[in-house]
Amino acid sequence: MAKYGIASIAPLNRWCRDYRTGGEEALRPKPKGRPKGVKSKPKPKPTREHELAEENAYLRAKVAYLKKLRSLRANKSCGASEAPSSDCSQGKDTGSTPC
């Protein structure tokens, strides 16, 4: 066994046992390390309908934001330090404050 570079008989016995149970394929080197994971399916491209729905939701939010901003600016111009009077909040012009 020293002639073939085998230090003990244990590896030879294991090779014989593996060959008897699994054949020639059992003696081939097995891949080492962590096996590669299952590749996930690529996400399908969004449909035109889905893109339009997303754009619609975005534009609705933008319009709501601009309405709120416009409302806040109108209330601010009625009087920043004082509470808005009922006339300003209802949009009536009393002449005393620039609504």
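Per full-length UniProt numbering, the very first residue in the sequence shown carries number 1; after that it's consecutive. By construction, the Cβ of each residue, glycine as well, lies at the ideal position given by its N, Cα and C atoms. If you're wondering where the values come from, they're calculated on a predicted model, not measured in any experiment.
Nearest candidate by alpha-carbon position, reference residue i, set the options
{"i": "PRO46", "options": "SER40, VAL38, LYS39 and GLU55", "result": "GLU55"}
Whole-angstrom C-beta distance between residue j and residue i, which should lie under 8 Å
{"i": "ASP18", "j": "LEU27", "result": "6 Å"}
Alpha helix (DSSP H) segment containing residue i, residue limits
{"i": "ARG60", "result": "48–78"}
{"i": "LEU27", "result": "Segment: none, LEU27 is in no alpha helix (DSSP H) and carries neither H nor E."}
{"i": "TYR19", "result": "10–22"}
Other residues of its chain near residue i: CB distance less than 8 Å, five sequence neighbours each side excluded
{"i": "CYS16", "result": "none"}
{"i": "GLY37", "result": "none"}
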